[in-house]
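See below for the structure under consideration.
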Amino acid sequence: MKNKKMKIARVEMDLSQEQLADLVGATRQTIGMIESGKFNPSLQLCISICRALGKTLDDLFWEETGEGGAGQ
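Numbers 1 to 72, taken from the numbering used here, label the letters of the sequence shown in order.
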């Protein structure tokens with residue numbers, strides 16, 4: 001699943017993927033793969049990304065529920 005929330009937060013902060021990667025100690029490729037849903041980051045990397053973007057884990061990484069998912 002694509003991480004549109006993370007990409008939007010990054011763009012709102014006027015950061016490129018490379019700039020965010022530098023802030024959190026990752027590569028630009030890693031940031032791109034997270035945003036495209038091809039990589040599941042570690043909890044530590046998620047926390048670093050949240051701090052850099054001024055967001056919470058819930059803001060960026062928690063999947064929305066109540067949209068017709070299982071158990072409804």
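The beta carbon of each residue, even a glycine, is placed where N, CA and C say it ideally should be.
Just so you know, these numbers come straight off a predicted model, no measurement behind them.
| Beta-carbon spacing of glycine 25, serine 42 below 8 angstroms | Contact: no.
| request: Can you say whether glutamate 12 is buried or exposed, counting buried as having 16 or more other CB atoms within 10 angstroms of its CB? | output: When all chains shown are included, glutamate 12 counts as exposed.
| message | Quick check on the burial criterion: 16 or more other C-beta atoms within 10 angstroms. Buried or exposed for glutamine 44? | response | With fewer than 16 other Cβ atoms within 10 Å, it is exposed.
| request: Consider the C-beta atom of methionine 33 and the heavy atoms of the ligand PLP; say whether any pair is separated by less than 7 angstroms. | output: Ligands in the displayed structure: none, and consequently the ligand PLP is not present.
| message | Here's the rule I'm using: 16 or more other beta-carbon atoms within 10 Å means buried, otherwise exposed. How should isoleucine 31 be labelled? | response | So isoleucine 31 counts as buried.
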